[in-house]
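Trainee: Keeping their order, the protein sequence lines are chains H, U, P and L.
Take 1 as the starting number for the first sequence in the numbering used here and just add one per residue.
Take 1001 as the starting number for the second sequence in the numbering used here and just add one per residue.
Take 2001 as the starting number for the third sequence in the numbering used here and just add one per residue.
Take 3001 as the starting number for the fourth sequence in the numbering used here and just add one per residue.
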Amino acid sequence: MVKVEFLGPIGKKPVEVEAGSLKELKEILNKDDSLKPWLENSAVAVNDKIVQDLDVELKNGDRVVILPPVCGG
Amino acid sequence: MVKVEFLGPIGKKPVEVEAGSLKELKEILNKDDSLKPWLENSAVAVNDKIVQDLDVELKNGDRVVILPPVCGG
Amino acid sequence: MVEIFKGGIPVIETLERWYEECKLEGYGAMIPFIGIVRPDNGIEGLSFDLYLPMLNEWFKKWQNLKEAKIMMAHSFGDVMVGETSFLCAVFTKHRREGFKYLEEFVEDFKANAPIWKYDLINGKRIFAKDRAKKLPGAGILN
Amino acid sequence: MVEIFKGGIPVIETLERWYEECKLEGYGAMIPFIGIVRPDNGIEGLSFDLYLPMLNEWFKKWQNLKEAKIMMAHSFGDVMVGETSFLCAVFTKHRREGFKYLEEFVEDFKANAPIWKYDLINGKRIFAKDRAKKLPGAGILN
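(1) Below 6 angstroms CB to CB, which residues in the same chain sit around L35 (chain H) once its five sequence neighbours on both sides are set aside?
(2) Can you tell me whether S2085 (chain P) is helix, strand or coil according to DSSP?
(3) Going straight from the alpha carbon of K3066 (chain L) to that of W3058 (chain L), what length do you get?
(4) Which whole runs of the beta strand (DSSP E) in the region 2010-2079 of chain P are 3 residues long or more, in chain order?
(5) Which of helix, strand or coil does DSSP assign to S1042 (chain U)?
(6) Helix, strand or coil: how does DSSP classify V56 (chain H) here?
(7) Give the C-beta separation of V3037 (chain L) and M3072 (chain L) to the nearest angstrom, bearing in mind that I take them to be a contact with Cβ-Cβ under 8 angstroms.
(8) Note down, in chain order, every chain L residue with its Cβ under 8 angstroms from the Cβ of M2071 (chain P).
(9) According to the neighbour-count rule (16 or more other Cβ atoms, all chains shown, within 10 Å of its Cβ), is G1020 (chain U) buried or exposed?
(10) Going by DSSP, what residue range makes up the beta strand (DSSP E) through V4 (chain H)?
(11) Rounded to whole angstroms, what's the CA-CA distance from M3054 (chain L) to Y3019 (chain L)? Just pull it up for me.
(12) I want to see whether chain L comes within less than 8 angstroms of M2080 (chain P), judged by CB atoms only; does it?
(13) Can you check which of these residues, P:T2084, P:P2010, P:G2007 and P:L2135, is closest to F2109 (chain P) by C-alpha distance?
(14) Answer yes if the region 1038-1047 of chain U comes into contact with the region 3121-3136 of chain L, meaning at least three C-beta pairs across the two stretches below 8 angstroms, and no otherwise.
(15) Could one say the Cβ of F2059 (chain P) lies closer than 8 angstroms to chain L's Cβ atoms, at least one of them?
(16) Under 8 angstroms between the Cβ atoms of A3089 (chain L) and I3031 (chain L)?
(17) Answer yes or no: does any C-beta atom of chain L fall closer than 8 angstroms to that of A1043 (chain U)?
(18) On a Cα-Cα basis, can you pick out the residue from L:G3077, L:K3061, L:E3083 and L:K3124 that is closest to P3010 (chain L)?
(19) At a CB distance below 7 angstroms, what residues from the region 2036-2061 of chain P approach chain H? Give them in sequence order.
(20) Would a check of beta-carbon distances place G20 (chain H) closer than 8 angstroms to chain P?
(21) Any Cβ of chain L within less than 8 angstroms of the Cβ of P1069 (chain U)?
(22) In whole angstroms, give me the CA-to-CA distance for F3048 (chain L) and I3115 (chain L).
(23) Which residues, in order along the region 2117-2138 of chain P, keep a beta-carbon less than 9 angstroms from a beta-carbon of chain L?
(24) So, for E3003 (chain L): in the same chain, excluding its five sequence neighbours on each side, which residues have a beta-carbon less than 6 angstroms away from its beta-carbon?
(25) Per DSSP, R63 (chain H) is paired with what?
(26) Just confirm the distance between the C-beta atoms of K3117 (chain L) and G1072 (chain U), as a whole number of angstroms; I'd bet it's less than 8 angstroms.
(27) With 9 angstroms as the C-beta to C-beta threshold (strictly closer), list the residues of the region 40-65 of chain H near chain P in chain order.
(28) Using a beta-carbon distance below 8 angstroms, is K1003 (chain U) in contact with chain L?
(29) Helix or strand or just coil, what does DSSP make of E3003 (chain L)?
(30) So the candidates are L:P3039, L:E3103, L:R3095 and L:L3046; which of them puts its Cα closest to the Cα of K3006 (chain L)?
(31) Straight-line CA distance for E2102 (chain P) to V64 (chain H)?
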């Protein structure tokens, strides 16, 4: 299982999903229509490291966070 | 009479001199050997305004200040 | 580590602490940046969420500079107009590196620190979408 | 007017006064610059002379900016290592004008403010000639 957290304004509770790769996770998350506008502009971190392409394997216990556009200060 | 003040590190007391122009003042001040090293790199203000050439008349009561190189902060 | 405060940052006592801590370490310039909440668009204030694990990770690369020391504080939750939500200070030997690092640091912060800003209007939090910046790789799950 | 202090500037209380005075005026950024005396070349401190009439005149052109407010304080007399001899703060609506004005202001200050700096070594004042800059028109009486 992989834990997925949605940060900041997405306002959705964490979910646990079965996904062996980011590609699989992408398919799963895209089934949720309310998430789609956020997926367009959100970045993704696996175990708190930002990843920039989909060729990433996921293993049991990995944590994925979905990061919408930021604005500190 | 024109009052001449020597600022900062020059360490010389103000003097009152008869000078109708900056050119005349230049001649007078250059008679003082201890001033020469300062005159090389000092700027000049008449009544607290910096002047950048010698074509300046002086009248009775004018104040001239000699400003060596600066370094605030 | 980034110093985190609930609500407005106690600007003066934080600056005092940083100043006292660093003033004898041979730095000739301390340049703080104080981000004050402005009364724009009739807001009552701003509100912030932040993701601390990645915020501290992001800040790490600014803590190992050879010629500069950087301190930083940020708020979470509500920060009212006139209060401060972001505070940092750059210490360098000479002023010119200080100007350079401050600007680089603040721009990197604005672009990459995992913090989300909301306007507070009639007591409600409204995500400041128009001012937000996509992080690297944004959209790969789309 | 430039605020003048005999000896080291009370940094924190001066910053506090400026911050409290300006924080509700709609500025989003306050960027101070704190010039701390460094223990260079075995000095005990620095010492300053200043010529107030022309210092205030010089500062006037920085007090009528449309989009920025600038405050400034400077010491005269002796300022020991670890103390602060120069303090300023730039207030702007947005950060980028703030960076720009701070740098322009401090560089103009260094080049043109009528202030003379001395190293304090064994209790004696030694003019910091190597760090000093000629003013416009320097040498015309030579």
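Yeah, the Cβ is synthetic: ideal placement off N, Cα and C, and Gly gets one too.
As the structure is a computational prediction, the values presented were derived from the model and not from experiment.
Mentor: On the basis of the supplied data:
(1) Counting from 1 along the first sequence, the entry for residue 35 (chain H) is found at position 35. For L35 (chain H), where only same-chain residues beyond five positions count, the Cβ hits under 6 angstroms are L29.
(2) To locate residue 2085 (chain P), count along the third sequence from 1; it is residue 85. In this structure, S2085 (chain P) counts as strand in the three-state DSSP scheme.
(3) Taking the first residue of the fourth sequence as position 1, residue 3066 (chain L) is located at position 66. Taking the first residue of the fourth sequence as position 1, residue 3058 (chain L) is located at position 58. Near 17 angstroms, if we compare the C-alpha coordinates of W3058 (chain L) and K3066 (chain L).
(4) 2029-2036 and 2045-2050
(5) In the second sequence, counting from the first residue as 1, residue 1042 (chain U) sits at position 42. Coil.
(6) In the first sequence, the residue the question calls residue 56 (chain H) occupies position 56. The answer is coil: DSSP assigns V56 (chain H) none of H, G, I, E or B.
(7) As a first step, residue 3037 (chain L) must be located in the fourth sequence, where it is residue number 37. As a first step, residue 3072 (chain L) must be located in the fourth sequence, where it is residue number 72. With a Cβ gap of about 17 angstroms, V3037 (chain L) and M3072 (chain L) do not count as contacting.
(8) Your numbering for residue 2071 (chain P) matches position 71 in the third sequence. Here the premise fails: no neighbours, minimum Cβ distance about 13 angstroms.
(9) Numbered from 1 along the second sequence, position 20 holds the residue referred to as residue 1020 (chain U). Label assigned to G1020 (chain U): exposed.
(10) Residue numbering aside, residue 4 (chain H) sits at position 4 when the first sequence is read from its first letter. Looking at the DSSP string, the run of the beta strand (DSSP E) that includes V4 (chain H) is V2 to F6.
(11) Counted from its first residue, the fourth sequence places residue 3054 (chain L) at position 54. Counted from its first residue, the fourth sequence places residue 3019 (chain L) at position 19. Cα to Cα, the separation comes out at about 27 angstroms.
(12) For this step, residue 2080 (chain P) is matched to residue 80 along the third sequence. So, not an interface residue.
(13) Taking the third sequence and counting its residues from 1, the one referred to as residue 2109 (chain P) is at position 109. It is P:L2135.
(14) yes
(15) The sequence position of residue 2059 (chain P) within the third sequence is 59, counting from 1. Not one chain L Cβ lies under 8 angstroms of F2059 (chain P).
(16) Residue mapping note: residue 3089 (chain L) aligns to position 89 of the fourth sequence, counting from 1. Residue mapping note: residue 3031 (chain L) aligns to position 31 of the fourth sequence, counting from 1. Closer than 8 angstroms, so yes.
(17) Position 43 of the second sequence holds residue 1043 (chain U). By this cut-off, A1043 (chain U) is an interface position.
(18) Position 10 of the fourth sequence holds residue 3010 (chain L). With distances taken between Cα atoms, P3010 (chain L) lies closest to L:E3083.
(19) D2049, Y2051, P2053, M2054 and E2057
(20) Within the first sequence, numbered from 1, the residue matching residue 20 (chain H) stands at position 20. No, G20 (chain H) does not count as interfacial toward chain P.
(21) Your numbering for residue 1069 (chain U) matches position 69 in the second sequence. Answer yes: the Cβ-Cβ gap between P1069 (chain U) and chain L drops below 8 angstroms somewhere.
(22) Along the fourth sequence, one-based indexing puts residue 3048 (chain L) at 48. Along the fourth sequence, one-based indexing puts residue 3115 (chain L) at 115. F3048 (chain L) and I3115 (chain L): Cα-Cα distance of roughly 7 angstroms.
(23) none
(24) Translated into the one-based positions of the fourth sequence, residue 3003 (chain L) becomes position 3. If we look at E3003 (chain L) and ignore the five residues flanking it on each side, its Cβ neighbours are A3073.
(25) Here the question's residue 63 (chain H) lines up with position 63 in the first sequence. Paired residues: H:K3.
(26) Mapped onto the fourth sequence, residue 3117 (chain L) falls at position 117. Mapped onto the second sequence, residue 1072 (chain U) falls at position 72. For K3117 (chain L) against G1072 (chain U), the beta-carbon gap comes to about 7 angstroms, under 8 angstroms, which counts as contact.
(27) E40, N41, S42, A43, V44, A45, D48, K49, I50, V51, Q52, D53, L54 and V65
(28) Here residue 1003 (chain U) refers to the residue found at position 3 when the second sequence is read from its first residue. For K1003 (chain U), the answer is no, since every Cβ of chain L falls outside 8 angstroms of its Cβ.
(29) Along the fourth sequence, one-based indexing puts residue 3003 (chain L) at 3. In the structure shown, E3003 (chain L) sits in a strand (DSSP, three-state: E or B).
(30) As a working mapping, residue 3006 (chain L) is identified with position 6 in the fourth sequence. The candidate whose alpha carbon is nearest that of K3006 (chain L) is L:L3046.
(31) Along the third sequence, one-based indexing puts residue 2102 (chain P) at 102. Along the first sequence, one-based indexing puts residue 64 (chain H) at 64. Before going further, note that residue 2102 (chain P) is Leu rather than Glu in the sequence given. About 32 angstroms.
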